[in-house]
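In what follows, a structure is listed as structure tokens, so that the remarks can point back to it.
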Amino acid sequence: TVMAGWNQLTAGANKLNEGMIQVSDGTNTVKTGWGPLADGVHRVDGGLGAIKDGSKELAAGLSGGAGKLSNIHADQPNIDMFAAPVQLSGKAIHAFPKYRYANAPYILSLALFVGVLVMACLFDLQKPAITEISAFRWYANKLGTMAAFAAAQALIASIFASFYLKSTFTNGIMLVLFSIFVSLTFLAIVFFLVVLAGNIGRFIAFVFLVLQLSTTGSSLPVQMLPENLERMSHFLPLTHSINGFKSIITLNNHDLFWSSVSVLGAFLLVFTLLSLTAIWFKARRTSQQAHVEA
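Residue numbers for the sequence shown follow our numbering, beginning at 6 and rising by one.
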């Protein structure tokens, strides 16, 4: 019994020793974590002090601002100044009263080109194989008739536009003359395509017009187009027609006007020469066929 009790006492002493070891380990752990905790408490305490100081400064600033504002007797100009502290100043360049003044150059150019296309569809430009007159005279008669219609449509459109836009007498005369010039230029282009390729030429002329609709900027400046389209627009007659009408109607820019006239004049000359060349080849081929048949 004494031995059994001694064994129990020994086992209890061992358990007590193990417990003391665990308590010692826990104490060390607490000691290790206590340092960071104490540092955090000090930081929080410092932050609270800074917040307290900042609150005092804010309160002092608001009190000072309220005192200054109480001495200001705001009237409507002060209120307007606070509502819109920045005033923008601008100057309109080449201002026009209504949007139709900006859209008229594009509409006029488009109408003249479409009118020429309609004429090209109505007139038969395929010379008969047997005629009493030469090919040059036959095509010259056709071109002269179409040119008269082209000038007539330009005259009607420009006179209507002059009254609609309330142009001055000088600008009205310039508008009429330039419209006739533009219409004849478009006629030279379409006439060459139709003489050269017949119905295919009419289709090409229509596609050429559609191409220009998206590459001339319409009523907007060509500078707003993508870079590639802007470069392409300089080689299209509709662009220079629009620029010429703009210079007359809204810009009153003589340099731009004469620049447009010179480019359109080049188109007129080149396509007239091309038309004569195409007529010469057709006449020569017709003569050769007639000689072979004879």
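C-beta atoms are modelled at their ideal positions from N, C-alpha and C, and glycine is treated no differently.
The beta carbons of F141 and I247 sit no closer together than 8 Å. For L93, there is no enclosing alpha helix (DSSP H), as DSSP marks it with neither H nor E.
Here the region 180-192 does not lie against the region 228-239, with fewer than 3 beta-carbon pairs under 8 Å apart. Exclusion of the five residues before and after S163 leaves L180, V181, S184 as the residues of its chain whose Cβ lies within less than 7 Å of its Cβ.
Taking all protein chains in view, the Cβ of F208 is surrounded by fewer than 16 other Cβ atoms within 10 Å, so the residue is classified as exposed. DSSP, reduced to helix, strand and coil, places F128 outside both helices and strands of the structure shown, so it counts as coil. Assignment of I253 by DSSP, reduced to helix, strand and coil, places it in the helix class. Contact between L214 and L122 holds, with the beta-carbon distance rounding to 7 Å and staying under 8 Å. With a threshold of 16 other beta carbon atoms within 10 Å, G206 meets it and is buried. Taking C-alpha positions only, K57 is separated from S94 by approximately 47 Å. Judged by beta-carbon spacing, A159 lies within the 8 Å limit of S188, meaning their Cβ atoms are closer than that value.
With respect to the 8 Å criterion, T244 and T221 are classified as neighbours on the basis of their beta carbons. Taking the C-beta atoms as reference points, A125 is found nearer than 8 Å to V199.
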